[in-house]
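Student: Here you go, one structure.
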Amino acid sequence: MLSLNNAIKLKAKAPLLLHSFTLPTTKITLAFRSVSTPLNETALSLNTTTPNTIPFLPSPFLSCRAAMMTAACVQVKEQIELTETEKKIFDRLLNTLRHFNLQTQLRVAGGWVRDKLLGKECYDIDIALDNMLGSEFVDKVQEYLSTTGEVAQGLAVIPSNPEQSKHLETARMRLFDLWIDFVNLRCEDYSENSRIPTMKFGTAEEDAYRRDLTINSLFYNINTNLVEDFTKRGLEDLKFGRIVTPLPPKATFLDDPLRVLRAIRFGARFDFTLDEELKKAAACDDVKTALAAKISRERVGTEIDLMISGNQPVKAIDYVCDLTLFWVVFSLPPKVEPAVSEECHRLSAAYLDASWKLIQLIGCSNFDDEQRRLCLYSALFLPLRSAAYKDRKDKKVMNIHKSLEKFLSLIPSLLSNEDIQLTEVDWGREFDDVPFTSKLRVLTGFLLREIKDFWRVALLISTLLYPTGTECSQDIIDKHFQLDKRKNIFVSVDNAIVKLGLEKVWDLKPLVNGKDIMNVLQLKVGGPLVREWQQKALSWQLAHPSGTAEECLDWMKETHSKRIKME
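Adding 594 to a residue's 1-based position in the sequence shown gives its number in the numbering used here.
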């Protein structure tokens, strides 16, 4: 069955807050520096005299009023505020420079700078060095700490591994319970048929321009306490919520097509606008061909998983669809049966949107991160649930889809709290002896034991298809799936399952074991017959929640005796 390739478990990110750039009257220290500012220049101080407004520096720090009227201003801090832990870490690194009289510039790169400017905490500190390898500097830090009586922890060197997109050696060490990565500044050249570049030492400006996006190209210079914007537009794009590449987008994407997905992910995560030229480049045939040819399915799966696990999964997949990348990202294996419609991706996006909104209506607290993630994947691939091929990889999404038919057959009974004829699904011979009045509890119990903690995921997806046979159509989409009604169905069925005492039924310990069954059946060895009676015994146990092991064995003896007589 069709399932996602090697999806990776990752945490969801918090959404971005917007504001109007208004603060009380105060003295503001602007700790920003463009590439034209000398390294030793002091931070610029300016006093504001008009209450509740902050004047902005000229280009590259454009005023919001001077920017495009359609661009929204994003709350960007005027100065990076270090935590106490970060201060201690940076002090140790600067003391290392002084101790050995090193002229090295220490710069925190990429996401940490971006997130700190957005007022978010970030524990992923990557430090770029201008004149030595990371391993060399880590050795210096370790030697310095030994002179102070401190002990460096967790020292490691991660070798380059181009096949896994690890293009340069990285040194790691643990300071004050935080992992710090050290790597030298670099520039890179790409060959025509590979996303693996040739790496060499570079300047800070070269390193900034090789980054995927301008908002990720900013540095925080630990030596000077200044934010450095070598592309001259990283801060501006961050303030106005724009996703732009430092270099022309098509060349950037052809060099490393994975950057297309990263641009989409960051655009969705921060609710930023994708640059028009970037969108044209991402959707062009050359880039799509490069993405399919140069990037492994595992790397694509990792990026998609970060989108689905993030705070704006629907927006991310909408970008993927709008840029005509869906069938590049979710390329199907050959000989999938039945054939899938080219427009299937729109239904996938619609189901994803509906499931995301339904989760919000029901309440996010009802689903943990993994359940929410699996729910979104199940919805995304819902139009493909009948498509089949041989696959030995992760089966979670497939198992959810397999349970839908059974769940759909149970929903009418669970909604009415009555046992009605359950003939739509072949449940198996082991349920033939179940009393009619107990069949609902028994069948529901077996279904939940099959999918365990993910039964609410299966229930939510089932409500999108209820009543049985309902398919996503334009009419249903136009009516927004009537999500309020589907929420009520979910809540009613959920309550019915809890009332039946089945919420954690997979933890139920069987009253009898295989040895007990072999004694009743007078068997010397186990086999299919024992497994069949184990299921029958569990059915009896679910039908008689207050029953004892002795009562279950008496029932087995009586039933087995009747079967022998009939044979």
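Just so it is clear, CB atoms sit at the ideal spot from N, CA and C, and this is done for glycine as well.
The model shown is predicted, which means the values in this text are computed figures rather than measured ones.
Tell me the rounded alpha-carbon separation between V1114 and V1028.
Tutor: 19 Å
Student: Are the stretch 771 to 779 and the stretch 714 to 725 touching by the rule of at least three beta carbon pairs closer than 8 Å?
Tutor: Touching, yes.
Student: Once DSSP output is grouped into helix, strand and coil, what is the label at E672?
Tutor: Reduced to three states, the DSSP call for E672 is coil.
Student: Buried or exposed, going by whether 16 or more other CB atoms sit within 10 Å of the CB of G835?
Tutor: buried
Student: Comparing alpha-carbon positions, which option in Y1060, M992, D1047 lies nearest L1009?
Tutor: Y1060
Student: Is it a yes or a no for the stretch 739 to 748 touching the stretch 695 to 708, going by three-plus beta-carbon pairs under 8 Å?
Tutor: Touching, no.
Student: Find the nearest neighbour of D1101 within the set Q1076, L1123, I1045, K1151, judged by alpha-carbon distance.
Tutor: Of Q1076, L1123, I1045, K1151, the residue nearest in Cα terms is I1045.
Student: For I953, report the span of its alpha helix (DSSP H) as first-last.
Tutor: 938 to 956
Student: How far does the alpha helix (DSSP H) with L1123 in it reach, from first residue to last?
Tutor: 1122 to 1137
Student: Is G1095 closer than 8 Å to P1139 when the C-beta atoms are compared?
Tutor: yes
Student: Determine which residues share a DSSP beta bridge with D1088 and list them.
Tutor: The partner list for D1088 (beta bridge, DSSP) is empty, contrary to what the question assumes.
Student: Does the Cβ-Cβ distance between L998 and S1056 come in under 8 Å?
Tutor: yes
Student: Ignore the nearest five residues each way along the sequence and tell me which others in A606's own chain have a CB closer than 7 Å to its CB.
Tutor: Any reading at A606 is ruled out, since the residue's pLDDT is 31, under 50, leaving its predicted position unreliable.
Student: Should M1160 be labelled buried (16 or more other beta-carbon atoms within 10 Å of its own) or exposed?
Tutor: The residue in question, M1160, is exposed, as its Cβ has fewer than 16 Cβ neighbours within 10 Å.
Student: Please report the distance separating the alpha-carbon of L688 from that of N817.
Tutor: 7 Å
Student: With a Cβ-Cβ cutoff of 8 Å, do A886 and S925 count as a contact?
Tutor: yes
Student: Cα separation between A637 and L852?
Tutor: Interpretation of A637 is limited by its pLDDT of 34, a score under 50 that renders its predicted location unreliable; the figure taken from the coordinates is listed afterwards. One C-alpha to the other measures close to 37 Å.
Student: Check for me: the beta strand (DSSP E) holding N778 runs from which residue to which?
Tutor: 772 to 778
Student: Distance, Cα to Cα, P1122 vs D1110?
Tutor: 15 Å
Student: Just mark Y814 as buried or exposed, buried being the case when its beta carbon has 16 or more other beta carbons within 10 Å.
Tutor: buried
Student: Where does the unbroken beta strand (DSSP E) through I752 begin, and where does it stop?
Tutor: 747 to 752
Student: Where do the N-terminal and C-terminal ends of the beta strand (DSSP E) with T764 fall, by residue?
Tutor: Boundaries of the beta strand (DSSP E) harbouring T764: 764 to 769, taken from the DSSP string.
Student: According to DSSP, simplified to helix, strand and coil, what is F847?
Tutor: helix
Student: For C716, name the three-state secondary structure that DSSP assigns.
Tutor: C716: coil per DSSP, three-state reduction.
Student: On the DSSP letters alone, give me the boundaries of the alpha helix (DSSP H) that N1165 sits inside.
Tutor: Any question about residue 1165 goes unanswered here, given that the chain covers just 595 to 1161.
Student: Taking the alpha helix (DSSP H) that Y814 falls in, what are its first and last residues?
Tutor: Here Y814 belongs to no alpha helix (DSSP H); instead the beta strand (DSSP E) covers 813 to 815.
Student: From the DSSP output, in three-state form, read off D823 for me.
Tutor: strand
Student: By the DSSP assignment, the beta strand (DSSP E) with V702 in it spans what residues?
Tutor: 700 to 703
Student: Since T867 sits in a beta bridge, which residues does DSSP pair it with?
Tutor: R836
Student: Going by the beta-carbon positions, is the gap between P907 and L970 smaller than 8 Å?
Tutor: yes
Student: Looking only at its own chain, which residues have a Cβ that is under 6 Å from the Cβ of R627, when we skip the five neighbours before and after it?
Tutor: In this prediction, R627 scores a pLDDT of 45, lower than 50, which makes its location untrustworthy; no coordinate-derived value is stated.
Student: Measuring only the C-alpha atoms, how far is K874 from L676?
Tutor: 39 Å
Student: Considering only the alpha carbon of each residue, which of A943, I898, D831 lies closest to I809?
Tutor: D831
Student: In whole angstroms, what separates the C-alpha of S614 from that of C667?
Tutor: In this prediction, S614 scores a pLDDT of 30, lower than 50, which makes its location untrustworthy; the coordinate-derived value is nonetheless stated afterwards. Computed Cα separation, rounded: 6 Å.
Student: Measuring only the C-alpha atoms, how far is Y1137 from G895?
Tutor: Reading the sequence as shown, one finds Ala at residue 1137 and not Tyr. When rounded, the distance between both Cα atoms is 43 Å.
Student: For P840, which of E936, Y803, F694 has the nearest alpha-carbon?
Tutor: Y803
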